Amino acid sequence: MNSTREAILDGAFQVMREKGLARTTTKEIARASGCSEPLLYRHFEDKIGLFLAVLAERLPPVGVLGGGGAGLIGHGTLEGNLRLVAAEVTTFYLTVLPIGMSIFSDNELLARHRDAVQSHGTGPEDISNGVRNYLAEEQAAGRIREDAPLGGVAMALTGAAMHRAFLWSFHAGAGDAPPTQERIRDFAAEVVAGVVRSLWTLPQIEGD
Numbered sequence: 001m002n003s004t005r006e007a008i009l010d011g012a013f014q015v016m017r018e019k020g021l022a023r024t025t026t027k028e029i030a031r032a033s034g035c036s037e038p039l040l041y042r043h044f045e046d047k048i049g050l051f052l053a054v055l056a057e058r059l060p061p062v063g064v065l066g067g068g069g070a071g072l073i074g075h076g077t078l079e080g081n082l083r084l085v086a087a088e089v090t091t092f093y094l095t096v097l098p099i100g101m102s103i104f105s106d107n108e109l110l111a112r113h114r115d116a117v118q119s120h121g122t123g124p125e126d127i128s129n130g131v132r133n134y135l136a137e138e139q140a141a142g143r144i145r146e147d148a149p150l151g152g153v154a155m156a157l158t159g160a161a162m163h164r165a166f167l168w169s170f171h172a173g174a175g176d177a178p179p180t181q182e183r184i185r186d187f188a189a190e191v192v193a194g195v196v197r198s199l200w201t202l203p204q205i206e207g208d
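Everything in the sequence shown is counted per UniProt numbering, starting at 1 for the first residue and increasing by one.
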């Protein structure tokens, strides 16, 4: 493990959470990391590369990304698996929204950020695409009917997760306590209950 790189990621995560991506500078990251600005570029190509590394290595994981949902396919219940996915996506957005929302305050900054992220081969659609790909694998395993609206369900789950995370983040500024894991799981169960019947091949009961 490279201790300097880890320190840079920790410092960047701290500054980005406090100030948002738009107001984060490499000078502030270097100060929080205890290193020089030139040293940042020995480990990361640019600020966007550092931001993407923070997303990948410091944010709560979403198991369906990068093939991480393979262990779910064909195991457990479909509803139980989707509850897990929805809870993970909600937790992810709870962390990433305070970091990324500030870029929408400046159209030029947003365009530069979008171009830079795309040049790294990634983007915000990775979350909904990951959920859809997981659903497609479950469909191939015979647990989702052939005509099921996979794209719509993926967008419904990720969209609901993002909106719920936005509301929790918005009201946190008014003194509301952060949501507990139990509240996140309850929310995930409610959202999944609204879409899972559009996927089933046959009527199912959670726990069977």
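All residues carry an ideal CB built from backbone N, CA and C; glycine is no exception. All values reported here derive from a predicted model rather than from experimental measurement.
Give the straight-line distance between the Cα atoms of residue 4 and residue 16, rounded to the nearest whole angstrom. Walking along the sequence shown from the start, residue 4 turns up at place 4. Walking along the sequence shown from the start, residue 16 turns up at place 16. So the alpha carbons of these two residues sit roughly 18 Å apart.
Of all the options 164, 63, 152, 177, which has the alpha carbon lying nearest to the alpha carbon of residue 198? Position 198 of the sequence shown, counting from 1, holds the residue named residue 198. That would be 152, whose Cα lies nearest to the Cα of residue 198.
If you reduce the DSSP assignment to three classes, tell me which class residue 122 lands in. Here residue 122 is taken as the residue at index 122 of the sequence shown, counted from 1. Three-state DSSP puts residue 122 in coil, outside helix and strand.
From the DSSP output, in three-state form, read off residue 179 for me. Locating residue 179 in the sequence shown gives position 179, where the first residue counts as 1. Looking at residue 179 - three-state DSSP - the assignment turns out to be coil, as it is neither helix nor strand.
Quick check: the Cα distance between residue 172 and residue 179, rounded to an integer number of angstroms? On the sequence shown, position 172 is the one that residue 172 refers to. On the sequence shown, position 179 is the one that residue 179 refers to. Residue 172 and residue 179: Cα-Cα distance of roughly 9 Å.
Where does residue 103 sit, in a helix, a strand or coil, going by DSSP? By one-based count along the sequence shown, residue 103 stands at place 103. Helix at residue 103.
Would you mind sorting residue 11 into buried or exposed? The rule is 16 or more other CB atoms within 10 Å of its CB. For the purposes of this step, residue 11 is taken as the residue at position 11 of the sequence shown. Residue 11 is buried by the Cβ-count criterion.
Assuming contact is defined by CB atoms lying nearer than 8 Å, are residue 94 and residue 168 in contact in what I supplied? Mapped onto the sequence shown, residue 94 falls at position 94. Mapped onto the sequence shown, residue 168 falls at position 168. Residue 94 places its beta carbon less than 8 Å from that of residue 168.
Can you tell me where the alpha helix (DSSP H) with residue 144 in it begins and where it stops? Reading the sequence shown from its first residue, position 144 is the one you call residue 144. Boundaries cannot be given for residue 144, as no alpha helix (DSSP H) includes it and DSSP labels it neither H nor E.
Is it buried or exposed, residue 177, if we count other Cβ atoms within 10 angstroms and call 16 or more buried? Taking the sequence shown and counting its residues from 1, the one referred to as residue 177 is at position 177. The residue is exposed, with fewer than 16 neighbouring Cβ atoms inside 10 Å.
Can you check whether the CB of residue 49 is closer than 8 Å to the CB of residue 281? One cannot answer for residue 281 here, as it falls past the ends of the chain, which runs 1 to 208.
Entirely enclosed beta strand (DSSP E) segments - the segment 28–94, minimum 3 residues: Counting whole runs of 3 or more residues, the segment 28–94 contains no beta strand (DSSP E) stretch at all.
Evaluate residue 51 with the Cβ neighbour count: other Cβ atoms within 10 Å of its Cβ, from every protein chain shown; 16 or more gives buried, anything less gives exposed. Mapped onto the sequence shown, residue 51 falls at position 51. With 16 or more other Cβ atoms within 10 Å, it is buried.
CB residue 146 to CB residue 73, shorter than 8 Å? Here residue 146 is taken as the residue at index 146 of the sequence shown, counted from 1. Here residue 73 is taken as the residue at index 73 of the sequence shown, counted from 1. In terms of Cβ geometry, residue 146 and residue 73 do not form a close pair [threshold 8 Å].
So residue 157 and residue 40 are supposed to be a Cβ contact under 8 Å. How far apart are they, rounded? Residue 157 sits at position 157 when you count from the first residue of the sequence shown. Residue 40 sits at position 40 when you count from the first residue of the sequence shown. No, residue 157 and residue 40 are not in contact; Cβ-Cβ is about 36 Å, not under 8 Å.
Cα-Cα, which of 117, 27, 150 is closest to residue 131? Numbered from 1 along the sequence shown, position 131 holds the residue referred to as residue 131. Closest by alpha carbon: 150.
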